[in-house]
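Residues 11 to 328, numbered by this note's numbering, are exactly what the sequence shown covers, in order.
Encoded as C-alpha cells, the structure appears first; notes follow it.
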Amino acid sequence: MPLASVIVPVYNGAQTIHATIESVLQQTAQDFELVVVDDGSTDTTLEVVSKFDDPRLSVFSYHNAGVATSRNRGAAHASGKYISFIDADDLWTPDKLALQLEALESTPKTAVAYSWTDYIDQEGRFIEKAQRVAFSGDVYAKLLLRNFLESASNVTIHRQTFLKLGGFDLSLSGAADWDFFLRLAKHYPFVAVPHLGVLYRLLDSSMSANLAAQEKECLTVLDRAYEQASPNLQPLKQQSLGQLYRYLSFKAMHGSLHRPKGASALHYLFQSLVHSPQIAIQQPRLTSILILKILAALLLPHQSQQLIDQLRLSASRQ
C-alpha cells in the first residue's frame with residue numbers, strides 16, 4: 011500500500027495535464043500512486059496521459075459528471091494512507107507532498123496538511139502570491155472568514171477521514187472545496203506547512219472564472235455553515251461576506267482588462283465594503299492595488315495591461 015494517493019480529476023485538460031503530472035512525478039516523496047480520473051474529456055487528454063510510462067499511474071474514465079464527482083471517484087480508487095488532490099491545470103513544487111506528509115506523520119491527531127499558493131497564468135507566469143497564513147489546530151473560525159487554503163490542489167488528508175465525511179458535495183462545483191474544508195475543520199485539526207507548495211493556474215475559461223456562479227455557490231456554503239455554527243461565531247458572518255466579495259472583486263480583475271470587468275469588480279468591491287468596511291483598513295495595500303486596477307479598467311482600458319505588468323513585477327519582488 012502506498013503512503014499517499016494523488017488524485018487528478020480532469021476534463022478536457024490536454025493543454026495542461028502533462029505539466030501537472032510531471033510536477034507530481036518529480037516530487038521528492040516517491041511513495042505514492044497517481045490516480046487520473048477522466049471526466050468524459052472530448053479532447054486529447056487521454057492521449058497525453060497515455061504517453062507517461064510509470065507503474066504508479068492509473069487512469070479511470072467516466073461520463074462527464076463534474077469535478078466533485080471526479081474527486082470522489084478518485085478517492086474510491088485510492089489505496090494510500092493519505093490522499094492529495096491536484097487539478098489538471100495546477101502544479102506542485104517538488105517538495106510539496108513530502109513536507110505535507112512529514113507534517114501529518116509527525117502530528118498523528120491532525121487530519122489535514124496545507125501549504126502556500128502562488129497564482130500563475132495560462133503560460134505559467136507568476137501573477138501574484140496568495141495570502142501567506144500558517145493557522146494550525148482548530149482553524150474553523152479562520153476558514154469561515156475566507157478559504158485561505160485557496161484550492162483542493164493544496165491539501166493532503168487522511169483517506170479514512172475523507173471517506174468518513176462523505177467526500178465532496180456533489181451539488182457544488184466551484185465552491186465544493188471550501189465546503190469540504192469547512193466540514194473537515196469543524197471536526198479535525200489542521201497543520202500548516204509554511205512553504206510554497208502550489209502554483210494555481212488562473213484561466214479565463216476555467217470554472218473559477220464564472221464569477222456569478224461562484225458567488226451563488228459561496229453564498230450557499232456560507233449560509234449552510236453559519237446555520238450550523240455556534241452562537242459565538244455568528245458575528246463573523248458579515249466579515250465573511252466582506253472577504254468573499256473582495257475575493258470576487260480580485261477575480262474579476264484577472265486577465266485582460268476592459269470596462270465590463272472593471273464594472274463587475276467595482277460592484278463586488280462595493281458589496282465587500284458594505285458588509286465589512288474594516289477590510290479596507292486592515293488590508294490597505296491590497297485594497298489600493300485593487301482600486302488602481304479597477305480605475306485602469308474603467309478609465310484607461312488600453313493602458314491597463316501595462317499597469318498590471320508593473321503591479322505583477324512589484325508583487326513578485328516581495
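A virtual CB, placed ideally from N, CA and C, is assigned to each residue, including glycine.
Residue burial is scored here from C-beta neighbours: His73 has fewer than 16 other C-beta atoms within 10 angstroms and is therefore classed as exposed.
Around the beta carbon of Phe42, 16 or more other beta carbons sit within 10 angstroms, so the residue counts as buried.
For Arg135, the number of other beta carbons within 10 angstroms of its own is below 16, and it is reported as exposed.
In this structure, Ala14 sits near Gly90, with a CB-CB distance shorter than 8 Å. Comparing alpha-carbon positions, the option among Leu309, Tyr257, Ala144 lying closest to Leu296 turns out to be Tyr257. With 16 or more other CB atoms across the displayed protein chains lying within 10 angstroms of its CB, Ser286 is buried. Here Trp102 is not near Gln40, since their CB atoms are 8 Å or more apart. When beta bridges are read from the DSSP output, Phe70 appears opposite Val47. Taking each of Gly272, Leu155, Asp48, Val165 in turn and checking the Cα distance to Lys303, the smallest one comes out for Gly272.
Taking a 10 Å sphere around the C-beta of Asn82, we find 16 or more other C-beta atoms and assign the residue as buried.
Annotation for Ser94: the continuous beta strand (DSSP E) segment containing it runs 92-95.
When secondary structure is reduced to three states using DSSP, Arg211 falls in the strand class. Ranked by how close their Cα comes to the Cα of Glu32, the residues Asp97, Leu173, Ile137, Ser259 have Asp97 in first place.
With respect to Leu254, Cys228 sits close: the two C-beta atoms are nearer than 8 Å. CA-to-CA, the gap between Ser60 and Asp131 works out to about 26 Å. Here Tyr198 is actually not in contact with Val165; their C-beta atoms are around 12 Å apart, not less than 8 Å. Shown here for Ala185: same chain residues with a beta carbon closer than 6 Å to its own, the five before and five after excluded, namely Glu227, Cys228, Val231 in chain order.
For Ala14, the enclosing beta strand (DSSP E) has its first and last residue at 14-20. When rounded, the separation of the alpha-carbon atoms in Pro294 and Val284 is 16 Å. Take Lys196, set aside five residues on each side of it, and the residues of its chain with a beta-carbon closer than 7 Å to its own are Tyr150, in chain order. Contact between Ser51 and Gly23 holds, since their C-beta atoms are separated by about 7 Å, short of 8 Å.
For Pro104, the CB contacts under 7 Å within the same chain, skipping 5 residues up- and downstream, are Gln36, Gln37, Thr38 in chain order.
Apart from the 5 residues on each side of it in sequence, Ser68 sits with its Cβ closer than 8 Å to the Cβ of Glu43, Leu44, Val45, Val46, His87 in its chain, given in chain order. According to DSSP, residue pairing for Val122 in a beta bridge involves Ile167, Phe200. If the five residues before and after Met263 are omitted, its C-beta is found closer than 6 Å to the C-beta atoms of Ala275, Lys303, all from its own chain and listed in chain order. Using a Cβ distance threshold of 8 Å, Ala239 and Leu154 count as a contacting pair. In this structure, the beta-carbon distance from Leu246 to Leu279 does not fall below 8 Å.
Of the residues Glu237, Gly76, Phe190, the one whose Cα lies closest to the Cα of Lys174 is Phe190. By alpha-carbon distance to Ser183, the top candidate from Leu206, Val143, Phe172, Glu225 is Glu225. The residue from His168, Gly76, Lys139, Glu160 with its alpha-carbon nearest to that of Ala121 is His168.
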